[in-house]
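Data first, discussion second: the structure below is written as structure tokens.
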Amino acid sequence: MKILLVGSGGREHALALGLKADKSCTELHVAPGNPGIAAIADIHPLVITDNDAICALAQQLSVDLVVIGPEVPLVNGAADVLRAAGFAVFGPSKAAAQLEGSKDFAKKVMRDAGVATARSFTCTQQSEIEKALDTFGAPYVVKDDGLAAGKGVVVTNDRQAALDHALSCTRVVIEEYLSGPEISLFGISDGRNVLPMQPAKDFKRAFDGDEGPNTGGMGAYSPLPWAPDDIVEETYTEVLAPIIAEMAARGTPFVGLLYAGLALTDHGIRVIEFNARFGDPETQVLIPRLVTPLATLLYKAATDSLDDEVLQWRDESAVTVVLAAQGYPESPKIGGAISALPTIDKAQIFHAGTSQSADALLSAGGRVLTVTGTGSDLTEARDRAYRAISQIQLEGSFYRTDIALNAS
Ligand code: AMP
Ligand code: GLY
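Residue numbers for the sequence shown follow this note's numbering, beginning at 20 and rising by one.
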């Protein structure tokens, strides 16, 4: 099977390794990829916002499967263009990707599917906004309705800051604050069936102790020893299966990865958000633990064939830590030289924002590398991840030191 994977981050590097490890994958192409991915796959230049260019590349390479990594091409309808041209695609249609592309749409689908989430109001006028803020009170949760690259959500006790953010959005969802630990749990769907993956924990704030601004994610671990034993089953029954059924009933089946961001509240599981693609950096701890051959799995999902499939997992723990560039997330400094990468047993380095010059690996984005350690428990996995990341030098870069610290 020839596969084209679209994307260039740490998530795609982890997916590329997983796809490549499945012997049914005979050729792996990644576009645009990055220097780490180039070491294991053929990479091709690509502007990922250009649906026709994605389709032309798939045709030129005559691939059997296209896997779309990031949300932007999904929300732009890249999967529809590819399907219309006859390709098997792992990734939802434009209509189904609205689960990530519009918070208001996601709320409506949850309402119709009977899935529990924070109560909310969708507003466009200042008077509605103020009424919504005062209905729920502090802490205020204000979400830009559309895609905002991780910058759309403000959670604050400051009413003025909440109001300012709400007024800066064209349409805004204001919702009740949910308290309780947050987890990420993904489902792989062919549009009818959905296979829940294992849960992972993501660290969204930039600095230790959950201080600092929200980011795309600074680290993750899996499994979660503290989570209830039935968390996977419960999320399947209460969230993933009803959403997949509702999307199918609407005539817009969701084929791809349904990412559920959940709060485990005193009243039960509540959905914080959906994404329409693999999470980053959660993927960097899930794929190394997955035994089920990835290329075959994603092909089955893309071709409506997941009946009777069950996911198998290694009895191992994984911890990933992100190396971020100076100034991330506001204004990351790029172009810094990265020292030689260490080789440590059971520590895997995934490239995210890197570029290769004639003589050095350079930083090219906010999240530069993610380092995943695996081991028999989280402590061992964590030690390996930190041993590796502490040996990487990039001027001004930083990483959190508390990923999975209090997890076991
Ligand atoms: P999102 O982009 O929707 O994941 O939101 C970013 C972060 O804001 C989440 O990971 C939560 O930490 C926080 N957040 C979002 N919605 C809520 C909510 N209703 N209650 C509490 N925290 C929330
Ligand atoms: N780790 C959060 C995300 O992928 O959106």
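Heads up, the beta-carbon is just placed ideally off N, CA and C, and yes, glycines get one too. Quick caveat, the model's predicted, so the values are computed rather than measured.
C-beta contact flag for residue i and residue j at 8 angstroms
i, j, result
"Ala-50", "His-63", "yes"
"Arg-289", "Ala-135", "yes"
"Met-216", "Ile-207", "yes"
"Gly-110", "Gly-275", "yes"
"Thr-373", "Val-387", "yes"
"Cys-142", "Val-86", "no"
"Leu-118", "Phe-297", "no"
"Gly-238", "Arg-419", "yes"
"Ile-363", "Arg-401", "no"
"Val-161", "Ala-185", "yes"
"Glu-195", "Phe-226", "no"
"Gly-171", "Ser-121", "no"
Same chain, Cβ closer than 7 angstroms to residue i, neighbours up to 5 away in sequence not counted
i, result
"Ser-324", "Asp-209"
"Leu-259", "Gly-206, Val-213, Pro-215, Leu-277 and Ala-279"
"Arg-333", "Arg-308 and Val-310"
"Glu-252", "none"
"Cys-44", "Met-20, Ile-22, Leu-38 and Ala-314"
"Asp-131", "Glu-265"
"Asp-35", "Per the sequence shown, residue 35 should be read as Ala rather than Asp. For Ala-35, where only same-chain residues beyond five positions count, the Cβ hits under 7 angstroms are Leu-24, Leu-47, Val-49, Ile-56, Ile-59 and Ala-60."
"Met-129", "Thr-136 and Val-290"
"Val-66", "Ala-72"
Sequence-distant residues of its chain with Cβ nearer than 6 angstroms to residue i (five each side left out)
i, result
"Pro-361", "Ala-407 and Gln-410"
"Ala-116", "Leu-93, Val-94 and Ala-295"
"Glu-292", "Gly-280"
"Gln-303", "Gly-29, Ala-33, Thr-339, Phe-369, Thr-389 and Thr-391"
"Glu-301", "Ser-203, Ala-219, Asp-221 and Ala-239"
"Gly-26", "Gly-88 and Pro-89"
"Gly-199", "Ala-282, Leu-283 and Thr-284"
"Ser-112", "Ala-98 and Asp-99"
"Ala-151", "Phe-140, Cys-142 and Ile-193"
"Val-173", "Val-161 and His-184"
"Gln-367", "Thr-391"
C-beta neighbour in chain D for residue i, strict 8 angstroms
i, result
"Gly-355", "Checking the listed chains, one finds no chain D in this structure; it contains a single protein chain."
Cutoff 8 angstroms; reference residue i; Cβ partners in own chain excluding five residues on either side
i, result
"Leu-243", "Ile-202, Pro-218, Ala-219, Lys-220, Ile-250 and Ala-426"
"Lys-319", "Asp-209, Leu-325 and Glu-328"
"Thr-322", "Ala-107 and Asp-209"
"Gly-415", "Ala-344, Gln-345, Gly-346, Lys-352 and Gly-355"
"Leu-84", "Met-20, Lys-21, Ile-22, Leu-23, Phe-106, Ala-107, Val-108, Phe-109, Ala-314, Leu-317, Tyr-318 and Ala-321"
"Asp-71", "Val-100"
"Gln-375", "Pro-54, Ala-57 and Leu-381"
Residues bridged to residue i [DSSP beta-bridge criterion]
i, result
"Ser-336", "Gly-394"
"Ala-448", "This structure does not reach residue 448, given that the chain is present from 20 up to 427, and the question cannot be answered."
"Lys-21", "Glu-46"
"Val-94", "None; Val-94 has no bridge partner."
"Thr-175", "Tyr-159"
"Val-341", "Thr-389"
* Count the C-beta pairs between the region 266–281 and the region 143–154 that are closer than 8 angstroms, then say yes if the count reaches three, no if not. => no
* Asked: Does the count of Cβ pairs from the region 391–405 and the region 326–346 closer than 8 angstroms reach three?
  -> yes
* Three or more C-beta pairs below 8 angstroms linking the region 74–84 and the region 221–236 -> no
* Secondary structure, alpha helix (DSSP H): runs of 4+ residues fully inside the region 344–422 -> 397–408
* Within the region 255–312, note down every full beta strand (DSSP E) run reaching 3 residues or more, in order along the chain. => 274–284 and 287–294
* Counting only runs of 4+ residues fully inside the region 180–265, write out the alpha helix (DSSP H) ranges in chain order. => 250–254
* At which residue ranges does the region 128–163 contain complete alpha helix (DSSP H) runs of 4 or more residues, listed in the order of the chain? -> 145–155
* **Ranges of the beta strand (DSSP E) found wholly within the region 27–65, counting only runs of at least 3** => 46–51
* To do: Taking 8 angstroms as the threshold, find out whether the region 378–386 comes into contact with the region 340–352 through three or more Cβ pairs.
  => yes
* **Complete beta strand (DSSP E) runs within the region 64–91 (minimum length 3 residues, chain order)** => 84–87
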